[in-house]
Amino acid sequence: MSAVAEERNTRAPWALTGPALMLFVGVLLVPLAMTVMLSFHDWGQYKGIEPVFILKNWKEIATDPYYAEMFWRTFRIAILTTLLTALLGAPEAYILNRMSGRWKSFFLLVILGPLLISVVARTLGWALLFGGNNGLVNKLLMSAGAIRFPIPFMFTETGMVVALAHVMMPFMVLSVWAALQRLDPQIENAAMSLGAGPLTIIRRIIMPQIMPGVLSGAIIVFSLSASAFATPAIIGGRRLKVAATLAYDEFLNTLNWPLGAAVATLLLVALVLIVVGSNALIERRYAEVFR
Amino acid sequence: MAYLELDRVAKQFGAQTVVDDFSLSVGKGEFISFLGPSGCGKTTTLQMIAGFLDPTRGAIRLEGKDLTAIHPAKRGLGIVFQSYALFPHMTAAENVAFGLEMRNVPRADRAERVRAALAMVGLAGYEDRHPRRMSGGQQQRVALARALVIKPSVLLLDEPLSNLDAKLREEMQIELRQIQRTIGTTTILVTHDQNEAMSLSDRIVVMSQGKIEQIGTPQETYEKPASAFVSQFLGKTNDFAGTIDRTVSPTQLVAGSWRAPAPAALGGPVTVSVRPERIGFGDTGLSAKIITRIFQGNHWLFQCDSECGPAIVIRQNDGTVQPAEGDAVRLTWRPEDMSVRARAGA
């Protein structure tokens, strides 16, 4: 009887995880492996995709400065977006956490609300406000005489960073919020009783303790911004390409699937390395304190 | 001469009165406990002294100066919180040094005082540990050192021992008392543990529902409880219903078949309160039957069914033969061992 039970014990986990595992392999691992393989295939205007193993696409990305510029732009936008969300999101979460019950739940809803609206709709909202001469804000400011020319927003990196930061803000706020929940509710009183003023309390007591929350929020925002598609596609369009929109164009417009696959693979590998690396750094830095 | 004085302090949250008419004067170097069940307002009172809450009415004075006008950061009080509230990103030494840093104590002087404070609480050699790597007892000691190193005018302890296990709590009680005696800091302890309050304090403030029930030495509150609440809250007690008979002369206090000369100033229905260890078995007195007899090493515990309701009797295990379960006994006590209160509604 025990032999049967043992056999069932070893089989049960596989049987139970099997369906999910198959889904994972089928819709993630296989396409991913195929994309990587595709990046080594050849492509020509007239011959289409040739299933051979060559490094042509990778050589092109490595040597053509166009790709270096485009990847540099992608990460520059992601870094600036991350900084902007951290600078605005951390204080936002702190203020939110200090509010009293009813206001707290109301403003938490305000912050999370945008997550319920499509990224496309939110980004188009920015376009409506600042899009050239017809943007509502631009029109208003120009008719009021405050500015003579519309504020450049569309097809600029600044516009992309602002729109992306708006889209990513909830992730940063939630991450810092979670770190704030772990704080001892008496910790500020303890610091105050020892003679610390409000600014010292924030700088010496609160900031160091929510830093892991800010950093994990930064990792989420950074990786989502670097691989974002909808916002750069609307704000940047064809004029200001990032890695994701470039890969899209290679696939659907140029039809050079192997080159698009190489761009996508490089973006993925770079992101995985950056995220895993910074995560390891953060964990080592805060191991002593937040075990 | 009062060192710390609370003068008719009250605190209201909306329509709810949490602390009402709280008056107390604390002498310099005194160890005071606020004792009461949760929600009795003891922590609220402590927070008003600390400055985390403002009193709705009344005044708090320290050495004659109005304390409520001073910002909590400038009051110079040492506080140990129930959760310790240590700074988890700082080492034990950095935690203790924080208050000195805020006071701009020079670095060399600071290091010396931190070392001395940690040594005083028995944590020499733990300077570089982070709080998360310390046991509950050690964290508690760091919190105490952090509060004491700034040489506070008053030390406020908010249920500091409630998160420790029973054995450690007893050790810390002894240590806390010794440290307080040595350095002589005026101390206020908030607790719901009557043993803790009795073993540590010079005086106990027993509180219930925002009001002071009694202020007195541990012995006074235990032996002469001012109200039914105090006698129930501080240790076990027996309450018997009795009457004072003023028709006979001299007037008599009657509880069942137990009789004694009546105390002055009372008449009619009364409650007679006697501690279990003050009741003996005799030839006359309240007739009772022993229901259970429990041996507890140094004493016996008897649960009896008396003519005035259930009664508990504790007898020292002094080698004499004790009555057995089922025996009919007479319960007796000296009149000075009881406290008599007027009984309402009877």
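Listed in order, the protein sequences are those of chains A and B. Read in full-length UniProt numbering, the first sequence has 199 at position 199, and its numbers run on one by one without any break. Read in full-length UniProt numbering, the second sequence has 49 at position 49, and its numbers run on one by one without any break. Note that beta-carbon positions come from the ideal geometry of N, C-alpha and C, so glycine has one too. Given the structure is predicted, the values throughout are model-derived calculations rather than measurements.
Reduced DSSP secondary structure (H/G/I, E/B, other) of residue i
i, result
"Lys-241/A", "coil"
"Glu-94/B", "helix"
"Leu-114/B", "At residue 114/B the sequence reads Val, which differs from the Leu that was named. Correct three-state label for Val-114/B: helix."
"Arg-291/A", "Note on Arg-291/A: pLDDT 49, under 50, position unreliable in the model; the coordinate value appears next. Coil."
"Ala-196/A", "coil"
"Gln-138/B", "helix"
"Ala-346/B", "Note that Ala-346/B has pLDDT 43, beneath the 50 cutoff, so the model's placement of it is unreliable and the number below is only indicative. Looking at Ala-346/B - three-state DSSP - the assignment turns out to be coil, as it is neither helix nor strand."
"Asn-195/B", "helix"
"Ser-143/A", "helix"
"Gln-16/B", "strand"
"Pro-114/A", "helix"
"Thr-237/B", "coil"
"Glu-101/B", "helix"
"Asp-54/B", "coil"
"Gln-322/B", "coil"
"Thr-284/B", "coil"
"Met-338/B", "strand"
Beta-carbon proximity check, residue i vs residue j, cutoff 9 Å
i, j, result
"Phe-52/B", "Pro-72/B", "yes"
"Thr-237/B", "Ile-244/B", "no"
"Asp-21/B", "Ile-212/B", "yes"
"Ser-273/B", "Arg-177/B", "no"
"Leu-267/A", "Ala-233/A", "no"
"Ile-220/A", "Ala-93/A", "no"
"Phe-40/A", "Val-52/A", "yes"
"Arg-8/B", "Ala-85/B", "no"
"Gly-27/B", "Tyr-3/B", "yes"
"Val-270/B", "Leu-253/B", "yes"
"Leu-271/A", "Ser-227/A", "yes"
"Met-172/B", "Gln-139/B", "no"
"Gly-195/A", "Lys-11/B", "no"
"Ile-188/B", "Ser-33/B", "yes"
"Arg-293/B", "Phe-302/B", "yes"
CB contact below 9 Å: residue i versus chain B
i, result
"Ile-274/A", "no"
"Arg-291/A", "For Arg-291/A, the predicted model reports a pLDDT of 49, less than 50, meaning its position is unreliable and no value from the coordinates is stated."
"Ala-191/A", "yes"
"Leu-199/A", "no"
"Leu-194/A", "yes"
"Arg-203/A", "no"
"Ile-187/A", "yes"
"Phe-181/A", "The displayed chain sequence assigns Gln, not Phe, to residue 181/A. Chain B, which has no Cβ nearer than 9 Å to the Cβ of Gln-181/A, makes this no."
"Asp-42/A", "no"
"Asp-64/A", "no"
Closer than 9 Å to chain A by CB, residue i
i, result
"Gln-82/B", "yes"
"Ser-339/B", "no"
"Leu-86/B", "yes"
"Pro-310/B", "no"
"Pro-160/B", "no"
"Phe-22/B", "no"
"Arg-146/B", "yes"
"Gly-280/B", "no"
Cα-Cα separation, residue i to residue j
i, j, result
"Ile-111/A", "Leu-80/A", "21 Å"
"Arg-278/B", "Asn-189/A", "46 Å"
"Ile-61/A", "Leu-255/A", "17 Å"
"Thr-186/B", "Met-120/B", "17 Å"
"Ser-105/A", "Gly-113/A", "12 Å"
"Met-246/A", "Val-263/A", "As written in the sequence, residue 246/A is Leu, which differs from the Met given in the question. For Leu-246/A and Val-263/A, the distance between alpha carbons rounds to 8 Å."
"Ser-193/A", "Ile-183/B", "20 Å"
"Asp-128/B", "Val-206/B", "41 Å"
"Val-154/B", "Glu-283/A", "41 Å"
"Met-172/A", "Gln-232/B", "53 Å"
"Ser-208/B", "Thr-217/B", "17 Å"
"Ala-144/A", "Asn-138/A", "10 Å"
"Ile-274/A", "Met-168/A", "18 Å"
"Trp-126/A", "Arg-76/A", "21 Å"
"Asp-184/A", "Ser-83/B", "8 Å"
"residue 347/B", "Phe-81/B", "No answer is possible for residue 347/B: it lies beyond the span of chain B, which begins at 1 and ends at 346."
"Thr-82/A", "Ser-175/A", "13 Å"
"Leu-164/A", "Thr-200/A", "32 Å"
"Arg-203/A", "Ala-90/A", "13 Å"
"Tyr-46/A", "Leu-124/A", "37 Å"
Residue(s) in a DSSP beta bridge with residue i
i, result
"Met-207/B", "Ile-212/B"
"Phe-295/B", "Trp-300/B"
"Asp-245/B", "Gln-252/B"
"Tyr-34/B", "First, the amino acid is wrong: residue 34/B is Phe here, not Tyr. Paired residues: Val-190/B, Val-205/B."
"Trp-258/B", "Ala-255/B"
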